[in-house]
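One structure is given below, encoded as structure tokens.
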Amino acid sequence: MAESFENSLDELWPNEWRRLDDAETAALRGIFNFAYAWRIEIPRGEHQHPTVDHLLVLIDGSFPFSEIRVCAPQADKQHADRWPHVEEWGSLCLVKRPFNLPTGRRIALAISDAVKVLRLDKDAREGELRREALSYWAREKTPDSRSGLAIFPPTGLSRSIVHAVHRGAPVFADSAEQMKSWLRNSGVREPAEPSPAWFTMLDQPLTPAQYPINGKDILNISGHANIAPLLTPPKPFPVLIGMPTPSGPVFVGTWIKGPPRKTLLKGFRAIANLPQKHILFCYSGQSVERFNVGRADRAWVHGRDKDPSSDLLAQKTVALVGCGALGAEIARLLAQSGVARFILIDHDNLAPQNTSRHLLGAADVFRYKTNALSDRLKRDFPHIDSADAFPRRFGDLTKEQLASVASADLLISSGVSLAVDMQMDRWRKSIKSRSPWMVSWTEEFALAGHAVLLSPASELMDLFDDEGKPKRRMTSRWASGVATLSEAGCGNFFQPYGAADLQGTIGLAARLALDALLGHCAPPCHRVWLGARDRAISLGATLSDDFDMSMTERVIPWPQ
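Per the numbering used here, residue 5 is the first one in the sequence shown, and the count goes up by one each step.
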């Protein structure tokens with residue numbers, strides 16, 4: 005490998021390269037993982053960097069099925085000003101090239117790309133540093149600083165915000181109300197009043213040379229008059245900075261360290277009597293801690309600002325009847341997609357044996373499924389607006405609860421009995437304003453699944469025959485005692501299949517629900533999931549002519 009590589013170097017730059025000696029190799033091994041390394045001379049007249057006169061080329065033992073690494077050690081920030089695309093120890097971030105190119109071509113492209121980076125003029129360098137501002141801030145953050153979270157987007161005017169500490173990390177919100185709602189959803193029963201902070205929205209990203217070092221820098225960036233009323237000496241004070249980039253706005257975070265009491269009280273009797281000018285003076289001399297800030301607002305979590313459906317789903321309410329293995333997973337997928345409000349209806353507790361295919365686990369055994377699922381959705385997605393739990397049968401809902409259900413944008417029943425679906429059907433017919441209704445269920449062993457979207461005018465019983473069985477079944481005539489087994493209790497039956505078997509129907513139902521919420525599907529609509537056909541046959545089922553494929557989704561014509 006090394007000989008072939010060196011033959012290519014000879015063809016490209018004869019007498020301008022050498023393999024690193026043992027001492028040089030040993031020094032580099034503590035920094036990089038590599039098998040071979042070479043030095044290539046790069047005259048300073050060929051580029052713009054003031055100190056670089058050579059490059060290092062490294063390959064590991066997997067080459068040619070790995071990248072060529074190029075380093076400019078003299079361009080490391082310890083030896084020179086920050087240069088774009090130069091990472092720690094002078095490692096250059098370059099374009100990835102196909103592995104199937106000839107070795108000589110790959111070497112030539114790698115060195116060419118490295119020289120292009122070093123040829124960037126002042127304006128180009130500044131543009132690149134601003135374009136990838138978040139990466140450079142992350143490299144210049146204070147060592148051991150704890151990353152923070154912002155639950156609002158980095159947009160709008162500079163303004164006063166609030167912050168709190170959750171699980172050891174700072175969290176920033178636009179208002180105390182937003183913060184308390186987020187913390188409650190995250191499991192904090194009685195959130196304390198959050199503390200003040202400041203958000204500064206810049207017109208363009210900072211470059212590393214402009215990063216704040218002391219309190220004076222932050223006060224100049226944010227405005228003395230804005231910060232002064234919010235300071236509570238001797239506490240440290242956080243300032244969140246928003247920066248626009250071509251890829252979208254980003255956050256970075258800073259803390260002005262709190263001045264020592266001795267400094268604050270110099271010439272004064274009590275902190276309460278300190279003049280504002282003196283407080284600002286004390287904070288301006290303090291060092292600044294720089295830290296990373298991750299976005300946890302709705303628009304970023306659901307599509308990273310690029311999903312147009314996120315805003316629409318955030319306005320939707322879903323009422324779910326049946327929070328079992330099928331319904332709970334559907335709710336989770338809808339929450340992950342951006343639905344902001346849920347009404348959860350189910351009278352059952354979670355039994356230990358349910359956990360083998362339910363979203364919930366052992367920690368929630370014997371709790372109402374609705375309550376546990378509500379807590380789970382809010383804890384996992386604390387930005388959602390609500391997840392109301394009604395732990396009772398649909399027929400036992402109060403007038404107020406039924407009014408909430410009636411106002412939902414989509415009604416879903418999942419894995420419930422036909423008797424419950426018929427109750428829901430009668431209720432829907434008794435109200436004036438009816439939302440679309442999605443009914444979902446599985447066949448034996450979850451080898452086939454159904455999701456049906458009913459319009460306000462659709463008839464539920466169009467789907468069932470006089471015996472109350474679905475008219476369109478993908479499997480039938482199961483042998484007695486194969487698909488449904490009994491427990492040691494009167495009327496207790498179960499079907500032996502696992503969570504993985506259920507995933508096809510879960511995805512089918514969640515996709516139809518999203519299509520309904522986004523207006524991508526006109527009801528009535530009937531979709532089926534066809535699972536493992538060979539397994540259904542091996543278990544003795546008779547298959548419908550429609551069950552002619554495995555692991556696929558299909559639309560069935562609506563009954564005429």
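C-beta: ideal position from N, C-alpha, C; glycine also.
Which full runs of the alpha helix (DSSP H) of 4+ residues lie inside the region 132-184, going along the chain?
137-144
Tell me which same chain residues have a C-beta within less than 8 Å of the C-beta of ILE35, skipping the five on either side of it?
TRP93
For ARG531, which of MET442, PHE449 and GLU194 has the nearest alpha-carbon?
For the residues MET442, PHE449 and GLU194, the minimum Cα distance to ARG531 belongs to MET442.
Counting pairs of beta carbons, one from the region 286-300 and one from the region 150-164, are three or more of them closer than 8 Å?
yes
How many Å lie between ALA412 and VAL322 at the Cα?
6 Å
At what residues does the beta strand (DSSP E) containing ASP392 begin and finish?
For ASP392, the uninterrupted beta strand (DSSP E) segment begins and ends at 390-394.
For ASP466, would you say it is in contact with chain D, using Cβ-to-Cβ distances shorter than 8 Å as the test?
In the structure shown, chain D cannot be found, because there is only a single protein chain.
For a test of the three-state rule: what should DSSP assign to ALA232, helix, strand or coil?
Look at ALA232 here: in three-state DSSP terms it is helix.
The beta strand (DSSP E) with THR199 in it runs from where to where?
Note on identity: in this sequence residue 199 is Ser, with Thr being the wrong assignment. Secondary structure note for SER199: its beta strand (DSSP E) is the uninterrupted segment 199-205.
Contact between the region 172-183 and the region 402-411 is defined here as three or more beta-carbon pairs at a separation below 8 Å; is this criterion met?
Contact fails: fewer than three Cβ-Cβ distances are below 8 Å.
What three-state label does DSSP hand TYR40 in the structure shown?
strand
Report the residue from GLU91, CYS75 and ILE111 whose alpha carbon sits nearest the alpha carbon of ALA6.
ILE111
Using the Cα positions of LYS81 and LEU364, report the straight-line distance between them to the nearest angstrom.
Rounded to the nearest whole angstrom, the C-alpha separation of LYS81 and LEU364 is 49 Å.
Pull the bridge partners of ILE416 from the DSSP assignment, please.
Note: ILE416 sits in a beta bridge opposite LEU324 and MET442.
Going straight from the alpha carbon of PRO237 to that of LYS184, what length do you get?
The C-alpha of PRO237 lies about 25 Å from the C-alpha of LYS184.
Rounded to whole angstroms, how far is the Cβ of TRP186 from the Cβ of HIS387, which I believe are closer than 8 Å?
Right, the Cβ-Cβ distance comes to about 7 Å (below 8 Å), so this counts as a contact.
Provide the residue span of the beta strand (DSSP E) that contains MET555, from first to last.
Here MET555 belongs to no beta strand (DSSP E), and DSSP marks it neither H nor E.
DSSP three-state call for TRP562: helix, strand or coil?
Assigned with DSSP and collapsed to three states, TRP562 falls in coil, not helix or strand.
Any idea what DSSP makes of TRP482, helix, strand or coil?
coil
Would you say GLY508 and GLY535 are within 8 Å of each other, going by their C-beta atoms?
yes
Host beta strand (DSSP E) of ASN296 (start-end)
292-299
If you follow the alpha helix (DSSP H) that MET247 is in, where does it begin and where does it stop?
Per DSSP, MET247 belongs to no alpha helix (DSSP H); it is in the beta strand (DSSP E), 241-247.
Return helix, strand or coil for THR402, following the three-state DSSP convention.
It is coil, neither helix nor strand.
Can at least three beta-carbon pairs, one atom from the region 390-402 and one from the region 334-350, be found at a separation below 8 Å?
yes
What are the partner residues of ARG345, as DSSP defines its beta bridges?
DSSP, once it has assigned bridges, lists THR321 and SER390 as partnering ARG345.
Hey, could you find the ends of the alpha helix (DSSP H) HIS454 is sitting in?
Run containing HIS454: none in the alpha helix (DSSP H); it sits in the beta strand (DSSP E), 452-458.
Tell me which residue opens and which closes the beta strand (DSSP E) that ILE260 is part of.
254-260
Count the other CB atoms within 10 Å of the CB of SER421; is the residue buried (16 or more) or exposed (fewer)?
A residue is called buried once 16 or more other Cβ atoms fall within 10 Å of its Cβ, and SER421, having fewer, is exposed.
What separation, rounded to the nearest whole angstrom, lies between the Cα atoms of ALA196 and HIS524?
43 Å
Compute the beta-carbon to beta-carbon distance between LEU316 and LEU348, rounded to the nearest angstrom, for a pair I have assumed lies under 8 Å.
Between LEU348 and LEU316 the Cβ distance is about 22 Å, and since that is not below 8 Å, they are no contact.
Out of GLU447, PRO528 and ASP470, point me to the one whose CA is closest to ALA545's CA.
GLU447
Among the residues of its own chain, which have a CB less than 6 Å from the CB of GLN427, if the five just before and after it don't count?
PHE398 and GLY399
Pick out whichever of ILE260, ARG477, ASP309 and LEU506 has its Cα sitting closest to the Cα of LYS239.
ILE260
Own chain residues within Cβ distance below 6 Å of ARG396, not counting five before or after
Annotation for ARG396: HIS351 place their beta carbon closer than 6 Å to its own, counting only its chain and skipping 5 residues before and after.
Collapsed DSSP secondary structure at PRO474 in the structure displayed:
strand
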